[in-house]
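>
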Amino acid sequence: MSAQPDWHEWCESISGATTVTGVFGWPVRHTLSPPMHNAAFAALGLNWAYVPFGVHPDALATAIAGIDALGIRGVNVTIPHKAAVVEYLDKLDPMAEMLEAVNTVDVCDGRLSGYNTDGPGFVASMHEIGWSAEGRAVTIIGAGGSSRAVAYALLLDKPGRLSIINRTPEKAETMARLLAEIAPADVEAAGDITVGGLTGKVAEQLVRDADIIVDCTSVGMYPDVDVAPVVPPEWLHEGQLVCDLTYNPRQTVLLDAARRHGAATLDGTGMLVHQGAIAFEKWTSQQAPVEVMRQALWRQLG
Ligand code: NAP
């Protein structure tokens, strides 16, 4: 397996026999997924290609119908289509069904199956660096789409307790109610989720007492990289794992603060790589070359 695919040779290999995959998004210009997947196909010697499709929200139904018509093997689905795509699919895996959001579509005998690999991708990235949520206190910051996916996957990792804090606390409350409804009965933490805002004593305690903190907000994302961290740095300390879903930049203002306060850190590229690797494996039935995908992603991010 070559870690540095020969791009020129690979481009020339596109032929009538090439299997096509890709990503539907709007806008799709800034997607980082094509080089990641194309590097993986090249590394495994697969005559496959992954291309970006700019699909306007008004054209989603037509684009989905076109997947099978065009012989596309599968697609990723990104902003703003993750929830809207659900109604056009024939089947959903349990996680996608619970979350009512899909990021991966797989085609089998003309039937479209939807999966959500975001949450499992995050948990895989955490396991990869030797951390598990099992028995631990986990505090999630944010209550948007990615937060919901990550929280659900973390619950399946059986944390000792789960808390959610968000700028708009009502959204954290709604999310906690949903998680309690959809989590399997044996996940005790799901029935007792603490919620709150981002400021005040409750938030401070939930962050200080957490073993694992996962920032699912867009605070610190490019181009607004020089903002204050989403929570005060002095709440972070040694012994904690602080994760940020944002991958551009890799070193966010929160991760920088966490490192300075002695905490371990995990950036968002691990989740991006692993959610892609899970999709890759569904389409190709081959083990994804995770390191090749990671290097391709890191090259793009500089
Ligand atoms: P989203 O659904 O729009 O949710 C955004 C969240 O950020 C909400 O909880 C929002 O709070 C909060 N927020 C936004 N601005 C804030 C501010 N100034 N102060 C405090 N909170 C603020 O977004 P998303 O799709 O979940 O994405 C969130 C982040 O995750 C983005 O950086 C995205 O790039 C990243 N992400 C990474 C991956 C990966 O593979 N690594 C995958 C998906 C997403 P309110 O509810 O109060 O508005």
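This note's numbering runs 918 ahead of the 1-based position in the sequence shown. Quick reminder that beta carbons are idealized off the backbone N, C-alpha and C, glycines included. A quick note: this is a predicted structure, and the numbers were derived from the prediction, not measured.
Of all the options A987, D1008, P1147, L978, which has the alpha carbon lying nearest to the alpha carbon of V995?
Locating residue 995 in the sequence shown gives position 77, counting from the first residue. V995 has its Cα closest to that of L978, out of A987, D1008, P1147, L978.
> Note down, in chain order, each residue of its chain lying with its Cβ closer than 8 angstroms to the Cβ of V1191, except the 5 sequence neighbours on either side.
Position 273 of the sequence shown, counted from the start, is the residue given in the question as residue 1191. Cβ neighbours of V1191 beyond the five flanking positions: M954, G1039, S1043, V1208, M1211, R1212, L1215.
> Just verifying my parser: in three-state terms, what is the DSSP assignment at G984?
In the sequence shown, residue 984 corresponds to position 66, counting from 1. Helix, per DSSP.
> Give me the Cα-Cα distance between P1087 and P998, rounded to the nearest whole angstrom.
To locate residue 1087, count along the sequence shown from 1; it is residue 169. To locate residue 998, count along the sequence shown from 1; it is residue 80. So the two alpha carbons sit approximately 23 angstroms from each other.
> Using a Cβ-Cβ cut-off of 7 angstroms (strictly less than) and excluding sequence neighbours within five positions of G1186, which residues of its own chain qualify?
Within the sequence shown, the letter at position 268 stands for residue 1186. Hits under 7 angstroms: D1162, L1163, T1164, Y1165.
> Got a sec? Which residues, its chain only, sit under 6 angstroms from M1013 by beta carbon, not counting five neighbours each side?
Here residue 1013 is taken as the residue at index 95 of the sequence shown, counted from 1. Counting only Cβ-Cβ distances below 6 angstroms, and skipping sequence neighbours, we find N1034.
> Mark I1047 as exposed unless 16 or more other C-beta atoms lie within 10 angstroms of its C-beta, in which case mark it buried.
By one-based count along the sequence shown, residue 1047 stands at place 129. Result: exposed.
> Taking the alpha carbon of G1114 as the point to measure from, which residue in I1059, G1078, R1126, W1153 has its own alpha carbon closest?
For this step, residue 1114 is matched to residue 196 along the sequence shown. The shortest Cα separation from G1114 among I1059, G1078, R1126, W1153 belongs to I1059.
> In chain order, which continuous runs of the beta strand (DSSP E) of length 3 or greater are located wholly inside the region 1057 to 1122?
Whole beta strand (DSSP E) segments, 3+ residues: 1079 to 1083, 1112 to 1114.
> Would you check if there are 3 or more beta carbon pairs closer than 8 angstroms linking the region 1056 to 1073 to the region 1119 to 1138?
Yes: at least three Cβ pairs fall under 8 angstroms.
> Any idea which residues DSSP pairs D1133 with across the strands?
Residue 1133 sits at position 215 when you count from the first residue of the sequence shown. DSSP lists I1059, D1162 as partners of D1133.
> Classify M919: buried if its beta carbon has 16 or more other beta carbons within 10 angstroms, exposed otherwise.
Working through the sequence shown from its first residue, we reach residue 919 at position 1. Here the model assigns M919 a pLDDT of 45, short of 50, so the residue's position is not dependable, and the following value carries that caveat. Exposed, since its Cβ has fewer than 16 Cβ neighbours within 10 Å.
> From V1003 to P945, what does the alpha carbon distance come to, in whole angstroms?
For the purposes of this step, residue 1003 is taken as the residue at position 85 of the sequence shown. For the purposes of this step, residue 945 is taken as the residue at position 27 of the sequence shown. Distance between the alpha carbons of V1003 and P945 is about 16 angstroms.
> Given this structure, state the Cα-to-Cα distance separating W1049 from S933, to the nearest angstrom.
Translated into the one-based positions of the sequence shown, residue 1049 becomes position 131. Translated into the one-based positions of the sequence shown, residue 933 becomes position 15. Cα-Cα distance, rounded: 43 angstroms.
> Please give me, in chain order, every unbroken run of the alpha helix (DSSP H) with length at least 4 that falls completely inside the region 930 to 1005.
Runs found: 951 to 961, 978 to 987.
> Within the same chain, show all residues whose beta-carbon is closer than 7 angstroms to that of I1001, passing over the 5 residues directly before and after it, in chain order.
Reading the sequence shown from its first residue, position 83 is the one you call residue 1001. This sequence places Ala at residue 1001; Ile is not what is there. Hits under 7 angstroms: E1018, A1019.
> Measure from the C-beta of I1111 to each C-beta in chain B and report whether the shortest distance is under 9 angstroms.
Included in the structure is just one protein chain, with no chain B present.
> Can you tell me whether A1214 is helix, strand or coil according to DSSP?
Position 296 of the sequence shown, counted from the first residue, corresponds to residue 1214. Note: A1214 maps to helix in three-state DSSP.
> How is R1126 classed by DSSP in three states: helix, strand or coil?
On the sequence shown, residue 1126 is found 208 positions in, with the first residue counted as 1. Looking at R1126 - three-state DSSP - the assignment turns out to be helix.
> Roughly how many whole angstroms lie between the Cα atoms of D1127 and Y1070?
On the sequence shown, position 209 is the one that residue 1127 refers to. On the sequence shown, position 152 is the one that residue 1070 refers to. Going by the C-alpha atoms only, they are around 21 angstroms apart.
> Taking the straight line between their C-alpha atoms, what separation do you get for I1083 and D1027?
Locating residue 1083 in the sequence shown gives position 165, counting from the first residue. Locating residue 1027 in the sequence shown gives position 109, counting from the first residue. Taking the straight line joining both Cα atoms gives about 43 angstroms.
> Can you find a heavy atom of ligand 1 that lies under 8 angstroms from the Cβ of V1148?
Numbered from 1 along the sequence shown, position 230 holds the residue referred to as residue 1148. Yes, Cβ of V1148 sits closer than 8 angstroms to a heavy atom of ligand 1.
> How should Y968 be labelled, buried or exposed, when 16 other C-beta atoms within 10 angstroms of its C-beta is the threshold for buried?
Indexing the sequence shown from 1 puts residue 968 at position 50. So Y968 ends up on the buried side.
> What do you reckon, are the CB atoms on V973 and A983 nearer than 9 angstroms?
Here residue 973 corresponds to residue number 55 of the sequence shown, with the count starting at 1. Here residue 983 corresponds to residue number 65 of the sequence shown, with the count starting at 1. In this structure, A983 does not lie closer than 9 angstroms to V973 by Cβ.
> On the three-state DSSP scale, how would you describe A1182?
Counting from 1 along the sequence shown, the entry for residue 1182 is found at position 264. Of the three classes helix, strand and coil, the one that applies to A1182 here is strand, per DSSP.
> Which stretch, first to last residue, makes up the alpha helix (DSSP H) that contains G1039?
On the sequence shown, position 121 is the one that residue 1039 refers to. Per DSSP, G1039 belongs to the alpha helix (DSSP H) from 1036 to 1046.
> In this structure, how does DSSP classify V1145 when only helix, strand and coil are distinguished?
Translated into the one-based positions of the sequence shown, residue 1145 becomes position 227. Coil at V1145, not helix or strand.
> Tell me the DSSP secondary structure of R1029 in three-state form.
In the sequence shown, residue 1029 corresponds to position 111, counting from 1. Here R1029 sits in strand by DSSP.
> Measuring from the CB of I997, is there a heavy atom of ligand 1 at a distance below 8 angstroms?
Here residue 997 is taken as the residue at index 79 of the sequence shown, counted from 1. The answer is yes for I997.
> Could you check what DSSP says for T1187 in three-state terms: helix, strand or coil?
If you number the sequence shown from 1, residue 1187 lands on position 269. Helix at T1187.
> Under the three-state reduction of DSSP, which class applies to E1156: helix, strand or coil?
The residue you call residue 1156 lines up with position 238 of the sequence shown. Coil.
> Enumerate in chain order the residues of its own chain whose CB-to-CB distance from L1010 is below 6 angstroms, with the five nearest sequence positions on each side excluded.
Position 92 of the sequence shown, counted from the first residue, corresponds to residue 1010. Excluding residues within five positions, the ones whose Cβ falls inside 6 angstroms are G1032.
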